[in-house]
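A.B. asks: In the UniProt record's numbering, the protein residues as written are 1 to 261. Positions of the beta carbon are idealized from the N, C-alpha and C atoms, including for glycine.
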């Protein structure tokens with residue numbers, strides 16, 4: 001089958017690029033029975049390295065001054081690989097500029113199946129998202145693009161939280177996914193797995209249930225409280241899968257396959 005290549009980028013730092021890459025892009029691969037690999041282009045933040053127990057593979061790519069970026073991209077986009085989905089998680093600010101310039105110079109943008117522009121709210125976030133969109137369209141006017149609206153407090157009211165996005169004529173025509181804000185995102189980092197893996201790992205949950213019952217028998221208040229919180233968040237992971245991730249996977253599927261009959 002054809003390898004899927006997605007680029008996740010926004011000039012603004014802290015726009016939930018890595019969260020979208022791992023929790024949606026990587027998890028989408030697991031959901032589809034495919035192997036995903038993240039290539040993290042960021043010399044400072046190394047978010048993917050937190051997920052050491054995840055089945056989603058990750059590799060840190062040094063950017064530096066960008067002198068080798070075109071060669072790096074050419075090699076990554078052209079090499080044979082056992083993985084089915086390649087996710088390019090691009091750091092913000094200067095790293096975004098260097099990456100997109102390298103993508104243009106190397107012509108590797110022609111091998112990108114989908115560009116995802118994450119946002120986390122705020123007017124500056126919107127400006128940077130539009131800047132990123134313009135650069136992508138300058139490379140390829142027919143680029144396949146979608147947005148990820150993250151840290152959403154209430155998905156039913158996303159149009160209020162992201163009012164600027166939905167009122168912008170250049171942005172609102174693009175498909176988007178919604179990532180609800182949740183403590184389960186933080187727990188997944190602590191447990192070193194994606195939320196999808198937590199939600200589907202019933203064996204681990206059973207182990208915590210057993211430990212909780214033992215703590216009750218021993219009247220260990222500290223353990224009871226900690227394990228109770230963990231079980232609550234495991235339950236939340238299952239709910240997050242149903243209400244947030246599966247709708248996101250379905251939209252991702254639709255966008256990736258929009259030209260297929």
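In terms of alpha-carbon separation, which member of 257, 258, 253 and 161 lies closest to residue 24?
C.D. replies: 253
A.B. asks: Rounded to a whole number of angstroms, what is the C-alpha to C-alpha distance between residue 203 and residue 58?
C.D. replies: 24 Å
A.B. asks: Tell me whether residue 261 sits in a helix, a strand or coil according to DSSP, three-state version.
C.D. replies: Here the model assigns residue 261 a pLDDT of 47, short of 50, so the residue's position is not dependable, and the following value carries that caveat. Of the three classes helix, strand and coil, the one that applies to residue 261 here is coil, per DSSP.
A.B. asks: On the premise that residue 116 lies in contact with residue 8, defined as a C-beta separation below 8 Å, what is that separation, rounded to the nearest angstrom?
C.D. replies: 5 Å
A.B. asks: Residue 210: buried (16+ other C-beta within 10 angstroms of its C-beta) or exposed?
C.D. replies: exposed
A.B. asks: Alpha helix (DSSP H) containing residue 41: first to last residue?
C.D. replies: From DSSP, residue 41 is part of no alpha helix (DSSP H) but of the beta strand (DSSP E) over 36-41.
A.B. asks: If I measure Cβ to Cβ from residue 181 and keep anything under 7 Å in the same chain, skipping five residues before and after, which residues do I get?
C.D. replies: Its chain contains 151, 152 and 153 as the residues whose beta carbon lies nearer than 7 Å to that of residue 181, once the 5 sequence neighbours on both sides are disregarded; these appear in chain order.
A.B. asks: If you follow the alpha helix (DSSP H) that residue 106 is in, where does it begin and where does it stop?
C.D. replies: 94-106
A.B. asks: Take residue 3 and list the residues in its own chain whose beta-carbon comes closer than 8 Å to its own, dropping the five residues that flank it on each side.
C.D. replies: 81, 83, 84, 85 and 86
A.B. asks: Out of curiosity, what's the CA-to-CA distance linking residue 20 and residue 167?
C.D. replies: Their Cα atoms are separated by approximately 23 Å.
A.B. asks: Which residues in the same chain have their Cβ closer than 8 Å to the Cβ of residue 242, if we skip the five residues on either side of it in sequence?
C.D. replies: none
A.B. asks: Could you compute how far the alpha carbon of residue 135 sits from the alpha carbon of residue 100?
C.D. replies: Inter-residue distance for residue 135 and residue 100 is about 8 Å (C-alpha atoms, whole angstroms).
A.B. asks: On the DSSP letters alone, give me the boundaries of the beta strand (DSSP E) that residue 153 sits inside.
C.D. replies: Careful: residue 153 lies outside any beta strand (DSSP E) and carries neither H nor E.
A.B. asks: Measure the alpha-carbon distance for residue 157 versus residue 179 and round it to whole angstroms.
C.D. replies: Going by the C-alpha atoms only, they are around 13 Å apart.
A.B. asks: Can you check whether the CB of residue 11 is closer than 9 Å to the CB of residue 173?
C.D. replies: no
A.B. asks: Alpha carbons only, please: which of 68, 129 and 16 is nearest the one belonging to residue 98?
C.D. replies: 68
A.B. asks: Measuring straight from C-alpha to C-alpha, what distance separates residue 191 and residue 88?
C.D. replies: 23 Å
A.B. asks: Going residue by residue through the stretch 132-212, where are the continuous alpha helix (DSSP H) segments of at least 4 residues, counting only ones entirely within it?
C.D. replies: 158-161, 163-166, 183-191 and 195-200
A.B. asks: With DSSP collapsed to three states, give me the class of residue 112.
C.D. replies: coil
A.B. asks: Could you tell me how far apart the beta carbons of residue 119 and residue 113 are, in whole angstroms, since I believe they sit closer than 8 Å?
C.D. replies: With a Cβ gap of about 21 Å, residue 119 and residue 113 do not count as contacting.
A.B. asks: So what does DSSP say about residue 235, is it helix, strand or coil?
C.D. replies: helix
A.B. asks: Using three-state DSSP, classify residue 117 as helix, strand or coil.
C.D. replies: strand
A.B. asks: Quick one: residues in its chain with C-beta nearer than 8 Å to the C-beta of residue 79, no 5 flanking neighbours on either side, listed in chain order?
C.D. replies: Closer than 8 Å at the Cβ level, and outside the excluded window around residue 79, lies no residue.
A.B. asks: Taking the alpha-carbon of residue 121 as reference, which of 146, 161, 257 and 142 has the nearest alpha-carbon?
C.D. replies: 161
A.B. asks: Any idea what DSSP makes of residue 88, helix, strand or coil?
C.D. replies: Strand.
A.B. asks: In the structure shown, what three-state DSSP assignment does residue 16 receive?
C.D. replies: coil
A.B. asks: With respect to the beta strand (DSSP E) encompassing residue 58, which residues constitute its N-terminal and C-terminal limits?
C.D. replies: 57-61
A.B. asks: Residue 5 lies in the alpha helix (DSSP H); which residues open and close that run?
C.D. replies: It is not in any alpha helix (DSSP H) - residue 5 instead sits in the beta strand (DSSP E) that spans 4-8.
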